[in-house]
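**Student:**
Residue numbers (this note's numbering): 304 to 569.
Printed below as a string of structure tokens:
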């Protein structure tokens, strides 16, 4: 049945018509000889039989070649896909899972919401009326450990960062941001959970939002906020990127000092 279907398909496409014509003529002549309509000598019958067999062999060979050509085409596609995937695989080995145009708060919140073990944040300061959003707060209240590293507002590096962003050389801006952060912490009683904020005085290597094995790393661009530029999404604390990021964070954490959450004068 498959052979008949293949023959009909070939005829519809206009392929192998000369071969089918030879087979058809050979069969007609042989049938005429068998039924006595016309008598042919034995040599003629042999030649016709050989032609029919050769035609069938040609069809089989063509079918094999077509199948081989299709297989080679599929193999070429797989090779092209593998070649295209090689750079991505090399990048993924380092733990880099993607690059985002900017810092996506919604995406960060989504990962904070799913965090079970630990959340880590590294920033200069965290501005905004709601510096810690509901997903972060809920995760901490449910038992997720949280650590926040922000720049010491009285450190020289804070004034340098303000100058880099063309802000007035005054600690009023980071101080106000910290007061807002402190108010959010106290309002939600986060200090009663496994939660800590520390001040660092070093030059920050990157911004970081981490939830368990997931990380979003930004860059402190000159004359612009880190949230505006591209961010790197990293998967896995044990990946090459992940190890360097977490090791840097932990070293900064160990050198940092506890932020004065209870007493802080504006």
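We put the beta carbon where it would ideally sit given N, CA and C, even for glycine.
Bear in mind that the values here come from a model prediction, so they are computed numbers and not experimental data.
1. Among residues of its own chain, excluding the 5 on either side of residue 467, which ones have a beta-carbon nearer than 7 Å to its beta-carbon?
2. If you reduce the DSSP assignment to three classes, tell me which class residue 561 lands in.
3. In three-state terms, what does DSSP make of residue 464?
4. What do you reckon, are the CB atoms on residue 412 and residue 515 nearer than 8 Å?
5. Around the Cβ of residue 346, are there at least 16 other Cβ atoms within 10 angstroms (buried) or fewer (exposed)?
6. Taking the C-alpha atoms as reference points, what is the distance between residue 523 and residue 458?
7. If you draw a straight line from the C-alpha of residue 518 to the C-alpha of residue 539, how long is it?
8. With DSSP collapsed to three states, give me the class of residue 428.
9. With residue 535 as the anchor, note down where its alpha helix (DSSP H) starts and where it stops.
10. For residue 398, I'd like the list of residues in its chain whose CB is within less than 7 Å of its CB, leaving aside the five on either flank, ordered along the chain.
11. Give the straight-line distance between the Cα atoms of residue 547 and residue 376, rounded to the nearest whole angstrom.
12. Starting from residue 414, follow the alpha helix (DSSP H) in both directions and report where the run begins and ends.
13. Give the C-beta separation of residue 493 and residue 559 to the nearest angstrom, bearing in mind that I take them to be a contact with Cβ-Cβ under 8 Å.
14. Given residue 549, which residues of its chain have a CB within under 6 Å of its CB, disregarding the five upstream and five downstream residues?
**Tutor:** So, from the data block:
1. As a first step, residue 467 is located in the chain shown; it is residue number 164 there, counting from the start. For residue 467, where only same-chain residues beyond five positions count, the Cβ hits under 7 Å are 525, 526.
2. Locating residue 561 in the chain shown gives position 258, where the first residue counts as 1. Note: residue 561 maps to strand in three-state DSSP.
3. As a first step, residue 464 must be located in the chain shown, where it is residue number 161. Three-state result, residue 464: helix.
4. Here residue 412 corresponds to residue number 109 of the chain shown, with the count starting at 1. Here residue 515 corresponds to residue number 212 of the chain shown, with the count starting at 1. In this structure, residue 515 does not lie closer than 8 Å to residue 412 by Cβ.
5. Along the chain shown, read from residue 1 onward, the residue named residue 346 stands at position 43. Per-residue confidence for residue 346 stands at a pLDDT of 49, beneath the threshold of 50, marking its modelled position as unreliable; the derived number appears in the next sentence. Counting Cβ neighbours within 10 Å, residue 346 comes out exposed, since fewer than 16 surround it.
6. Reading the chain shown from its first residue, position 220 is the one you call residue 523. Reading the chain shown from its first residue, position 155 is the one you call residue 458. Approximately 17 Å, taken between the alpha carbons.
7. For the purposes of this step, residue 518 is taken as residue 215 along the chain shown, with counting starting at 1. For the purposes of this step, residue 539 is taken as residue 236 along the chain shown, with counting starting at 1. Answer to the nearest angstrom: the Cα atoms are 8 Å apart.
8. To locate residue 428, count along the chain shown from 1; it is residue 125. Note: residue 428 maps to coil in three-state DSSP.
9. Position 232 of the chain shown, counting from 1, holds the residue named residue 535. Per DSSP, residue 535 belongs to no alpha helix (DSSP H); it is in the beta strand (DSSP E), 534 to 538.
10. Taking the chain shown and counting its residues from 1, the one referred to as residue 398 is at position 95. Within the same chain, residue 398 has close Cβ partners 537, 538, 539, 542, 543, 544, 545.
11. Position 244 of the chain shown, counting from 1, holds the residue named residue 547. Position 73 of the chain shown, counting from 1, holds the residue named residue 376. Residue 547 and residue 376: Cα-Cα distance of roughly 43 Å.
12. By one-based count along the chain shown, residue 414 stands at place 111. It spans 408 to 416 - the alpha helix (DSSP H) in which residue 414 sits, taken as one unbroken run.
13. Walking along the chain shown from the start, residue 493 turns up at place 190. Walking along the chain shown from the start, residue 559 turns up at place 256. 18 Å between Cβ atoms; not a contact.
14. Position 246 of the chain shown, counting from 1, holds the residue named residue 549. Excluding positions up to five away in sequence, the list reads 540.
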